[in-house]
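A.B. asks: Below is the structure I would like to discuss, written out as structure tokens.
There are 2 protein chains.
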Amino acid sequence: MSNSIEIPFSTTLLVRDTCLCLHVQRAARALARLFDDALRPVGLTNGQFSLMMSLNRPEPPPMGPVANLLAMDQTTLTAALKPLQRRGWVNVTQNPKDKRGRLLSLTPEGKAVLAAALPIWERTHTTLEETLPGGSGERLRSELQALA
Amino acid sequence: MSNSIEIPFSTTLLVRDTCLCLHVQRAARALARLFDDALRPVGLTNGQFSLMMSLNRPEPPPMGPVANLLAMDQTTLTAALKPLQRRGWVNVTQNPKDKRGRLLSLTPEGKAVLAAALPIWERTHTTLEETLPGGSGERLRSELQALA
DNA sequence: ACTAAATACATTGATATCAATAGAAATAGG
DNA sequence: CCTATTTCTATTGATATCAATGTATTTAGT
Chain A
0 MSNSIEIPFS TTLLVRDTCL CLHVQRAARA LARLFDDALR PVGLTNGQFS LMMSLNRPEP
60 PPMGPVANLL AMDQTTLTAA LKPLQRRGWV NVTQNPKDKR GRLLSLTPEG KAVLAAALPI
120 WERTHTTLEE TLPGGSGERL RSELQALA
Chain B
0 MSNSIEIPFS TTLLVRDTCL CLHVQRAARA LARLFDDALR PVGLTNGQFS LMMSLNRPEP
60 PPMGPVANLL AMDQTTLTAA LKPLQRRGWV NVTQNPKDKR GRLLSLTPEG KAVLAAALPI
120 WERTHTTLEE TLPGGSGERL RSELQALA
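Protein chains in written order, with numbering that gives the first Met the number 0: chain A, 0 to 147; chain B, 0 to 147.
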């Protein structure tokens with residue numbers, strides 16, 4: 000009578016070494032820490048930087064397209080906006096053309112923070128790409144795009 | 000008098016299209032949803048699956064090496080273990096050889112859950128790799144490894 | 001052996017993430 | 001025009017993530 004369901008250790012090693020989801024989550028955590036550390040002096044996390052940068056448009060976008068761009072749940076976006084609104088960096092206003100919707104825009108203070116963050120992003124990203132084998136940055140981007 | 004600090008829209012597009020951190024976060028969210036959906040019938044998230052799989056070893060590992068393997072903060076691991084302990088799937092015991100440390104192990108129930116999850120992972124992962132252009136899975140893994 | 005430094009975890013507080021659900025407004029079908 | 005459906009967003013609850021900090025234990029230096 001086989002009384003316990005054992006997965007062989009070799010299977011564990013196989014999953015650990017091949018799981019794309021795990022590999023991506025690991026890289027996501029590592030890169031988040033890298034950019035969070037770099038952006039800390041201006042008070043932004045990597046996610047807040049990406050979100051605010053995506054709001055720097057000629058016309059204030061509604062929430063749906065922004066959530067899609069960032070590949071995040073709409074409820075996550077609602078939550079992510081809260082601290083940025085509280086600090087006065089982002090405005091959330093009702094869309095006059097569709098009263099269900101909101102329009103997202105940067106305040107002047109938000110634009111200033113983003114402008115301060117931009118050179119940090121540039122330095123950090125350049126350094127990061129230099130650590131990658133030649134040309135693999137572009138390939139990596141296209142493969143990641145295919146996953147999202 | 001230039002009274003507002005404006006980042007050109009073209010810069011926004013550049014950052015959006017080139018930022019490796021953003022690309023990885025997007026892919027991480029998308030893959031997390033994919034595996035979370037697939038694993039939901041057995042009550043695991045992608046992160047819980049990876050964590051429990053990493054505990055399926057001949058000898059119960061301490062927390063530090065597991066956190067490193069998953070490239071996560073040690074405090075994150077502490078928190079992630081909580082729901083798994085509560086469900087009786089993981090045991091956290093004191094390391095008799097170093098009383099500061101803990102040893103992590105799967106319970107028989109935990110092993111059973113993991114065994115039920117394994118075929119789901121296999122199906123999901125196979126399908127995922129099939130959507131990628133030939134051979135790019137392996138290259139992607141090695142590039143992600145370089146990032147983490 | 002004693003003390004200082006380093007190591008291994010836990011706790012707290014803030015933000016991030018998503019599922020489930022609910023509300024309000026717009027749209028479609030009649 | 002009226003109703004059913006769809007769309008857009010907010011709220012709640014659970015887990016995930018990390019910085020800052022604290023505690024206990026071990027190790028290193030003397």
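Ideal Cβ positions, reconstructed from N, Cα and C, are used throughout, including at glycine. Fair warning: this is a prediction, and the values are worked out from it, not measured in the lab.
1) Should residue 74 of chain B be labelled buried (16 or more other beta-carbon atoms within 10 Å of its own) or exposed?
2) With distances taken between CB atoms, is the gap from residue 149 of chain A to residue 102 of chain A smaller than 8 Å?
3) Show which residues of chain B have a CB atom less than 9 Å away from the CB atom of residue 9 of chain A.
4) From the beta carbon of residue 71 of chain B, is the nearest beta carbon of chain A less than 8 Å away?
5) Against residue 39 of chain A, what residues of chain B qualify as contacts under a CB-to-CB distance less than 8 Å, listed in chain order?
6) Based on Cα-Cα distance, which residue from B:37, B:59, B:22 and B:65 lies nearest to residue 96 of chain B?
7) Give a yes or no on contact between the segment 105-120 of chain A and the segment 38-48 of chain A, applying the rule of three or more CB pairs nearer than 8 Å.
8) Looking at residue 123 of chain A: is its Cβ nearer than 8 Å to the Cβ of residue 70 of chain A?
9) Residues of chain B with CB closer than 8 Å to the CB of residue 109 of chain A, please, in chain order.
10) Of all the residues that make up the segment 28-61 of chain B, which are near chain A by a beta-carbon distance shorter than 9 Å?
11) On the criterion of 16 or more Cβ atoms from any shown chain inside 10 Å, does residue 67 of chain B qualify as buried, or is it exposed?
12) Quick test of your reading: residue 112 of chain A and residue 41 of chain A, contact by CB under 8 Å. State the CB separation rounded to the nearest angstrom.
13) Which stretch, first to last residue, makes up the beta strand (DSSP E) that contains residue 92 of chain B?
14) In the DSSP assignment, find the unbroken alpha helix (DSSP H) run with residue 109 of chain B in it and report its ends.
15) Can you find a C-beta in chain A that's less than 8 Å from the C-beta of residue 142 of chain B?
16) With a threshold of 8 Å between beta carbons, is residue 135 of chain A in contact with chain B?
17) Residue 100 of chain A by DSSP, collapsed to three states: which one?
18) Starting from residue 137 of chain B and walking both ways along the alpha helix (DSSP H), at which residues does that stretch end?
19) What does the alpha-carbon distance come out to for the pair residue 10 of chain A and residue 24 of chain B?
20) Show which residues of chain B have a CB atom less than 9 Å away from the CB atom of residue 120 of chain A.
21) Can you check whether the C-beta of residue 129 of chain A is within less than 8 Å of a C-beta belonging to chain B?
22) Could you compute how far the alpha carbon of residue 81 of chain A sits from the alpha carbon of residue 110 of chain A?
23) What runs of the alpha helix (DSSP H), each 4 residues or longer, lie entirely inside the segment 22-77 of chain A?
24) For residue 82 of chain A, which of helix, strand or coil comes out of DSSP?
25) With a 10 Å radius around its C-beta and 16 neighbouring C-beta atoms as the bar for buried, classify residue 53 of chain B as buried or exposed.
26) Name the residues in the segment 86-100 of chain A whose C-beta lies less than 9 Å from a C-beta of chain B; which are they?
27) Exposed or buried, residue 99 of chain A, counting other C-beta atoms within 10 Å across all chains shown (16 or more means buried)?
28) Near residue 139 of chain A, what residues of its chain come up, given a Cβ to Cβ distance below 8 Å and the 5 sequence neighbours on each side ignored?
29) Drop a sphere of 10 angstroms on the beta-carbon of residue 13 of chain A, count the other beta-carbons inside from all chains shown, and report buried for 16 or more, exposed for fewer.
C.D. replies: Reading it off the structure:
1) Here residue 74 of chain B refers to the residue found at position 75 of the second sequence. The residue in question, residue 74 of chain B, is exposed, as its Cβ has fewer than 16 Cβ neighbours within 10 Å.
2) Outside the modelled stretch of chain A, which goes from 0 to 147, sits residue 149 of chain A, for which no answer is possible.
3) Position 10 of the first sequence holds residue 9 of chain A. None at all; the shortest Cβ gap to chain B is about 10 Å.
4) Taking the first residue of the second sequence as 1, we reach residue 71 of chain B at position 72. Closer than 8 Å: yes.
5) What you label residue 39 of chain A is simply residue 40 of the first sequence in a count that begins at 1. Result: empty, since nearest Cβ-Cβ is about 14 Å, beyond 8 Å.
6) Translated into positions along the second sequence, residue 96 of chain B becomes position 97. Among B:37, B:59, B:22 and B:65, the Cα nearest to that of residue 96 of chain B is on B:59.
7) yes
8) For this step, residue 123 of chain A is matched to residue 124 along the first sequence. For this step, residue 70 of chain A is matched to residue 71 along the first sequence. No. Outside cutoff.
9) Taking the first sequence and counting its residues from 1, the one referred to as residue 109 of chain A is at position 110. What residue 109 of chain A touches in chain B: nothing, since even the nearest Cβ is about 10 Å away.
10) 28, 29, 30, 31, 32, 33, 34, 45, 46, 48, 49, 52, 53, 54, 55, 56 and 57
11) The count along the second sequence starts at 1 and reaches residue 67 of chain B at position 68. By the 10 Å Cβ count, residue 67 of chain B comes out exposed.
12) Numbered from its first residue, the first sequence carries residue 112 of chain A at position 113. Numbered from its first residue, the first sequence carries residue 41 of chain A at position 42. Right, the Cβ-Cβ distance comes to about 6 Å (below 8 Å), so this counts as a contact.
13) Along the second sequence, read from residue 1 onward, the residue named residue 92 of chain B stands at position 93. 89-94 is the extent of the beta strand (DSSP E) around residue 92 of chain B.
14) Sequence index remark: in the second sequence, residue 109 of chain B carries index 110 (1-based). That run of the alpha helix (DSSP H) goes 107-130.
15) Taking the second sequence and counting its residues from 1, the one referred to as residue 142 of chain B is at position 143. Chain A contact via Cβ: present.
16) As a working mapping, residue 135 of chain A is identified with position 136 in the first sequence. Closer than 8 Å: yes.
17) Position 101 of the first sequence holds residue 100 of chain A. Residue 100 of chain A: strand per DSSP, three-state reduction.
18) If you number the second sequence from 1, residue 137 of chain B lands on position 138. It spans 135-146 - the alpha helix (DSSP H) in which residue 137 of chain B sits, taken as one unbroken run.
19) Counting from one through the first sequence, the residue named residue 10 of chain A turns up at place 11. Counting from one through the second sequence, the residue named residue 24 of chain B turns up at place 25. One C-alpha to the other measures close to 27 Å.
20) In the first sequence, the residue the question calls residue 120 of chain A occupies position 121. The answer, in chain order, is 14, 18 and 20.
21) The sequence position of residue 129 of chain A within the first sequence is 130, counting from 1. Output row for residue 129 of chain A: interface = no.
22) Position 82 of the first sequence, counted from the start, is the residue given in the question as residue 81 of chain A. Position 111 of the first sequence, counted from the start, is the residue given in the question as residue 110 of chain A. Roughly 17 Å between the two C-alpha positions.
23) 45-53 and 62-68
24) What you label residue 82 of chain A is simply residue 83 of the first sequence in a count that begins at 1. Residue state, collapsed to three classes: helix.
25) Taking the second sequence and counting its residues from 1, the one referred to as residue 53 of chain B is at position 54. The residue in question, residue 53 of chain B, is buried, as its Cβ has 16 or more Cβ neighbours within 10 Å.
26) none
27) Looking up residue 99 of chain A in the first sequence gives position 100. The residue is exposed, with fewer than 16 neighbouring Cβ atoms inside 10 Å.
28) Position 140 of the first sequence holds residue 139 of chain A. Excluding sequence neighbours, residue 139 of chain A sits near 131.
29) The count along the first sequence starts at 1 and reaches residue 13 of chain A at position 14. Exposed is the call here.
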